[in-house]
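What follows is one structure encoded as structure tokens, with my remarks underneath.
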Amino acid sequence: MQRESDVEFSAKQIDDLARVVARVIGDKLSGLSKPQRDILNHQLARALRYSDGDVSKVTDDEIIGCYEMIFEVWGAPFEAHYQKLQGQKGK
Numbered sequence: 021m022q023r024e025s026d027v028e029f030s031a032k033q034i035d036d037l038a039r040v041v042a043r044v045i046g047d048k049l050s051g052l053s054k055p056q057r058d059i060l061n062h063q064l065a066r067a068l069r070y071s072d073g074d075v076s077k078v079t080d081d082e083i084i085g086c087y088e089m090i091f092e093v094w095g096a097p098f099e100a101h102y103q104k105l106q107g108q109k110g111k
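Using our numbering, read the sequence shown as starting at 21 and increasing by one per residue.
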């Protein structure tokens, strides 16, 4: 059995998925913090692994679910804590 980290994607797979994600989520991507982007990327990679690397098998609903999970699991309290830490770094 392969671990998730053992599976790599080609540049084409990543580019294709990025285009689909941009189409499905659109402008909402620009409002994400770095930790939120990292979590989204991790969840999207899991969805792509689950579909055996076939971007066409990753559904719009899965992409929306990955995006929504950021706010359900890593929502406002996490983001507020992150922003506070970032503010402290700038001092």
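The C-beta atom is built at its ideal place from N, Cα and C for all residues, glycine as well.
The model shown is predicted, which means the values in this text are computed figures rather than measured ones.
Less than 8 Å between the C-beta atoms of residue i and residue j, yes or no?
i   : j   : result
I34 : I59 : no
V44 : I84 : yes
F29 : L64 : no
V75 : D36 : yes
Would you report the Cα separation of residue i and residue j, rounded to the nearest angstrom?
i   : j   : result
Y87 : R57 : 9 Å
G73 : A31 : 12 Å
E92 : V78 : 21 Å
DSSP state of residue i, grouped into three classes?
i   : result
G73 : coil
E28 : coil
Closest to residue i by CA distance: which of the options is it?
i    : options               : result
K104 : D47, S53, H62 and A38 : S53
Q106 : P55, N61 and E82      : P55
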